[in-house]
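K.L.:
In mature numbering (1 follows the signal peptide of the UniProt record, and there is no 0), the protein residues as written are -33 to -1, 1 to 282.
(1) On the CB-based measure, 16 or more other CB atoms within 10 Å of its CB, does residue 212 come out buried or exposed?
(2) Taking only runs that begin and end inside the region 160 to 239, name each unbroken beta strand (DSSP E) of 3 or more residues, in chain order.
(3) How is residue 66 classed by DSSP in three states: helix, strand or coil?
(4) Which of helix, strand or coil does DSSP assign to residue 126?
(5) Quick one: what's got a C-beta closer than 7 Å to residue 67's C-beta in the same chain, skipping five residues either side?
(6) Report yes or no: do the region 50 to 59 and the region 70 to 85 share at least 3 C-beta pairs separated by less than 8 Å?
(7) What is the DSSP secondary structure of residue 278, reduced to helix, strand or coil?
(8) Residues in the same chain with beta-carbon distance under 6 Å from residue 77, minus the five sequence neighbours each way, listed in chain order, please.
(9) Can you look up residue 76 in the DSSP assignment and give me helix, strand or coil?
(10) Taking 7 Å as the cut-off, is the beta-carbon of residue 85 closer than that to any non-hydrogen atom of the ligand PLP?
(11) With DSSP run on the structure shown, which of helix, strand or coil describes residue 17?
(12) Relative to the C-alpha of residue 80, which candidate in 107, 132, 196 and 42 has its C-alpha closest?
(13) Taking C-beta to C-beta, are residue 197 and residue 155 nearer than 8 Å?
(14) If I follow the unbroken beta strand (DSSP E) through residue 54, where does it start and stop?
(15) Taking only three categories from DSSP, how would you classify residue 270?
(16) Name the residue from 113, 273, 177 and 147 whose alpha carbon lies nearest to the alpha carbon of residue 121.
(17) May I ask you to report which of helix, strand or coil DSSP gives residue 11?
(18) Report buried or exposed for residue 201, applying the criterion of at least 16 other Cβ atoms within 10 angstroms of its Cβ.
(19) With distances taken between CB atoms, is the gap from residue 271 to residue 138 smaller than 8 Å?
(20) If we ignore side chains and look at the alpha-carbon of each, how far apart do residue 143 and residue 246 end up?
(21) Express the C-alpha separation of residue 195 and residue 231 in angstroms, rounding to a whole number.
(22) Using only alpha-carbon positions, find the residue among 255, 226, 216 and 174 that is nearest to residue 204.
(23) Considering only residues of the same chain and omitting the five flanking positions on each side of residue 183, which have a CB-CB separation below 6 Å?
(24) With a CB to CB cut of under 7 Å and the five nearest residues on each side skipped, what residues in its chain are close to residue 153?
(25) Is it buried or exposed for residue 45, if we count other Cβ within 10 angstroms and need 16 for buried?
(26) What does the alpha-carbon distance come out to for the pair residue 86 and residue 49?
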């Protein structure tokens, strides 16, 4: 039998062991939460997060669209690591969540009236929000894993930044309404290349879309032009053509010319309507090596008109 003199030290040791066990459980529940006390949802275990975490996942993940994608987490317009030492990021509130291991015993205040197996207790850490800290909270389920952003999706974002306009048609003789072309005479055709009307593969329209860890550049350019001269004749087999200069005189176009075989009498306003349909392609390349090339919807030019007459020879 223990004497009273010996009983007090034994009780003291047991009390210290119980306190130590409780402290160890609380330490396991808040293993990475240190710093000054701050506002949080549970004052039972509530300490501040003093330093931003490092990204433990590298931010990458599998995905389609021509190569692996990346996971992107945003909160109020700012991008954050999706996975860190604090757990998984929740874009709904800008905090990280990690399930507490081991889970608290039944009846612990952290369950907020729920029983073990009904959801779980998570360590919530808010390093980027005003007054943020860490606290044990009950959740029905862990935050959803953010979706993967693929290179193909970024290519579509880049493509949406590029504005294609309808090109204009140039002719010689001029289509200003003051000139008349002659049956059988050479006519020059070209696409006006001002602004974004026309872009070549060597000099394309470009835009870049990016998320942390991945960027995609899209290049848009003209591949071919289909001409309609308004006379049901065979369409010229040429591309964008070469603009006519006064110094060219009566020479035919070097790359895109046409000659009418009938005058424009009987046509609306006695003029042939000339249109060109411009075909475009886009080539995109991602920083992870993915890429693709595909056609875009063609754009037809506004119709221009040209009066064509027969040469009258007087005896």
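A virtual CB, placed ideally from N, CA and C, is assigned to each residue, including glycine.
P.N.:
From the atom records:
(1) exposed
(2) 172 to 178 and 181 to 195
(3) strand
(4) helix
(5) -5, 88, 89, 90 and 103
(6) no
(7) coil
(8) 71, 88 and 103
(9) helix
(10) Inclusion of the ligand PLP in the displayed structure is not the case, the ligand content being empty and no account of it being possible.
(11) Note that residue 17 has pLDDT 26, beneath the 50 cutoff, so the model's placement of it is unreliable and the number below is only indicative. Reduced to three states, the DSSP call for residue 17 is coil.
(12) 107
(13) no
(14) 54 to 57
(15) coil
(16) 177
(17) Its pLDDT being 27, under 50, residue 11 is placed unreliably in this model, and the value from its coordinates should be taken loosely. Residue state, collapsed to three classes: coil.
(18) exposed
(19) yes
(20) 26 Å
(21) 14 Å
(22) 226
(23) 118, 121, 122, 125, 176, 251 and 253
(24) 219, 220, 224 and 226
(25) exposed
(26) 22 Å
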